[in-house]
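Trainee:
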Amino acid sequence: MPGRRGFGGLELTEVLYMWSGLVRIAKEGGIVVFETYVFWNGHELSPGNYYFGGRYDLLKFVKIVQQAGMYLILCIGPFVAAEWNFGGVPVWLH
1 MPGRRGFGGL ELTEVLYMWS GLVRIAKEGG IVVFETYVFW NGHELSPGNY YFGGRYDLLK
61 FVKIVQQAGM YLILCIGPFV AAEWNFGGVP VWLH
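Heads up: the sequence shown begins at 1 in UniProt numbering, then just goes up one per residue.
1. Would you give the residue range spanned by the alpha helix (DSSP H) that Leu58 belongs to?
2. Residue range of the beta strand (DSSP E) that Val91 falls in?
3. Taking all protein chains shown into account, do 16 or more other C-beta atoms lie within 10 angstroms of the C-beta of Met1, making it buried, or fewer, making it exposed?
4. Could you round the C-beta distance between Gly6 and Phe34 to whole angstroms and report it? I think they count as a contact, below 8 Å.
5. Strictly by DSSP, which residues pair up with Val33?
This is how it looks when you write it as structure tokens:
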């Protein structure tokens, strides 16, 4: 629909191999803003041990959205309501 703008959400941990295609399709459908959660428990596996590879490659996802000329809202925890174990809070805190 020409002139219509939308907002979409994508959990970057779900579909690593599909990110580029999904962002492209969303843009073609009128989406201009994405939101995604940043899961603390996926990025800090133990105190001070950070991981941003594979399906947690936040920088790669940010660049895909940027290259598409879209905007991104990062929903940074510590708690995320996304049907995620402990709401994304690391197990080592429990």
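Think of the CB as a built atom: it goes at the ideal place given N, C-alpha and C, for glycine as much as any other residue.
Mentor: Put simply:
1. Its alpha helix (DSSP H) spans residues 58-67.
2. Unbroken run through Val91: none, as it is neither H nor E.
3. Its pLDDT being 47, under 50, Met1 is placed unreliably in this model, and the value from its coordinates should be taken loosely. Per the 10 Å Cβ criterion, exposed.
4. Not a contact, Cβ separation roughly 10 Å.
5. In DSSP, Val33 forms a bridge with Phe7, Tyr71.
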